[in-house]
Structures are given as structure tokens and as C-alpha cells.
Amino acid sequence: MNSLAIYPGSFDPVTNGHIDIIDKSLGIFDKIVVAIIVNPSKKTLFSIKEREMMLKSIFKDNEKIEIRSFEGLLVDFATLIGADTVIRGLRAVSDFEYEFQMALMNQRLNPKIKSVYLMPSPEFSFISSSIIKEVFFFGGDIAGLVPRGVVEFLEKKREV
Ligand code: COA
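In my numbering, the protein residues as written are 2 to 161.
Right, dumping it as C-alpha cells:
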């Protein structure tokens with residue numbers, strides 16, 4: 002049976018840190034669904050459509066990766082698509098508390114869904130989407146931290 006895992010997040014925007022985790026996951030699972038959360042309470046720079054476009058263009062040649070968006074509980078969406086594993090990255094000790102809380106809540110909501118944590122490569126362990134946006138809009142260099150296509154999306158926002 003093919004193993005299917007879900008990698009959820011806001012991806013506002015996707016960074017090379019996320020891509021690093023996806024690449025690592027591909028060594029473990031047969032297929033990964035990258036699931037963008039539709040969360041009206043989190044103010045995002047990019048719309049769901051834009052975030053989907055970014056991710057789809059990055060992974061267009063990889064049939065092992067599917068891009069989806071979802072609303073509501075993660076465990077419900079995972080069940081809907083037939084995934085029994087949630088992948089998350091653990092960048093630093095500071096991520097642990099939040100991730101631990103989420104993993105235990107997800108386990109309580111649906112014990113069949115397992116959480117798997119992967120460590121990022123050290124060169125990406127300090128980045129987040131917010132820090133990327135801040136550095137970019139203040140004119141700092143983000144080359145190597147996000148895919149080229151994402152820089153283009155960010156440039157379009159600067160023009161607005
Ligand atoms: N590389 C770079 N940045 C990373 C990263 C990595 N490997 N892993 C996480 N990050 C960053 C993200 O860029 C994001 O940065 P930002 O806050 O500056 O935007 C931050 O870490 C948060 O990560 P993200 O993965 O986007 O998490 P989130 O908190 O927005 O969403 C969900 C996490 C989607 C898994 C969670 O909200 C969820 O499951 N929601 C559904 C509702 C639900 O089921 N709730 C009950 C479960 S408790």
C-alpha cells in the first residue's frame with residue numbers, strides 16, 4: 002500500500018525551509034499532500050489562490066506531490082484524503098511546545114492520525130515566512146531562502 006502523508010501550513014509564502022522538509026518527507030512517504038490552511042483569522046499577504054499557484058509551480062514536475070487547501074480540522078481533512086500521517090518541521094526548541102500541544106490534540110481528536118517531526122537542514126532552521134517578508138520589504142537579501150518564483154510574487158506585492 003502506498004503511504005500518504007499530509008504537510009499542512011500557512012505557506013505565506015512557501016520558503017526553502019518548507020521545501021527542505023518536503024524533500025526529506027519524500028524519502029519516507031510515497032506521496033505528500035501539501036495542505037494550505039484557509040484560516041480567516043490569520044491575516045496573510047497572499048491569497049489562497051496565490052499560495053496554491055506558488056506551490057503548484059514549484060512542484061509541477063513532481064507527481065508525488067499534490068497541492069490542496071483546506072478549512073476546518075486538520076485530522077478531518079487528513080481522513081478525507083486518506084492520509085494517516087501529519088508531517089511537521091521542528092526548527093528549534095521554541096517550536097516544540099506548540100507542536101507538542103497540536104500533536105496531542107490531533108491524537109485526541111483522531112488517534113489513527115500520527116504526527117511525524119523532521120528537523121530542517123541547519124541553513125533553514127532560522128527562517129519563517131514572516132521573517133522572509135520583513136527582510137524583503139525592508140530591502141534585504143532573501144536569495145537562497147525562497148524559490149525564485151516566490152521572489153517574483155513578493156515583487157508584485159511591492160508594486161501594489
Ligand atoms: N521552514 C520555514 N518556516 C517554517 C517551517 C520550515 N520548515 N516550519 C514552519 N515554519 C514557519 C511558517 O513559515 C510560519 O511562519 P509565520 O508564522 O511567520 O507565517 C510558522 O512557522 C508557523 O508554521 P505553519 O506551518 O504555517 O503553522 P500554522 O501555525 O500557521 O498552521 C496548522 C499550522 C495548519 C497545522 C494548524 O493551524 C492546523 O492544523 N489548523 C487546522 C485546525 C485544527 O485542526 N486545529 C486543531 C489542531 S491543534
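Ideal placement from N, C-alpha and C gives every residue a C-beta, glycine not left out.
The beta carbon of residue 68 sits closer than 6 Å to those of 35, 53, 56, 57, all from its chain and outside the five residues before and after it, given in chain order. Here residue 93 is exposed. Its C-beta has fewer than 16 other C-beta atoms within 10 Å. Exclusion of residue 46 from the 6 Å shell around the ligand COA follows from its C-beta lying no nearer than that to any non-hydrogen atom of the ligand. According to DSSP, residue pairing for residue 71 in a beta bridge involves 38.
Relative to the ligand COA, the beta carbon of residue 112 is positioned no closer than 6 Å to any heavy atom.
Relative to the ligand COA, the beta carbon of residue 75 is positioned inside 6 Å of a heavy atom. Around the beta carbon of residue 21, 16 or more other beta carbons lie within 10 angstroms, which makes this residue buried. Residue 8 is not a Cβ neighbour of residue 37, given a cutoff of 7 Å. Three or more beta-carbon pairs drawn from the region 114 to 129 and the region 91 to 105 are found closer than 8 Å, and the two stretches are therefore classed as touching. The ligand COA never approaches residue 120 closely enough for any of its heavy atoms to be under 6 Å from the residue's Cβ.
In this structure, residue 37 has its beta carbon at no less than 6 Å from each heavy atom of the ligand COA. By the CB criterion at 7 Å, residue 27 and residue 65 fall inside the cutoff. Using a Cβ-Cβ distance cut-off of 8 Å, the region 128 to 142 and the region 96 to 107 are not in contact, since fewer than three pairs of beta carbons, one from each stretch, lie closer than that value. In the assembly as shown, residue 161 is an exposed residue. Its beta-carbon has fewer than 16 other beta-carbons within 10 Å. Bridge pairing for residue 89: 118 [DSSP].
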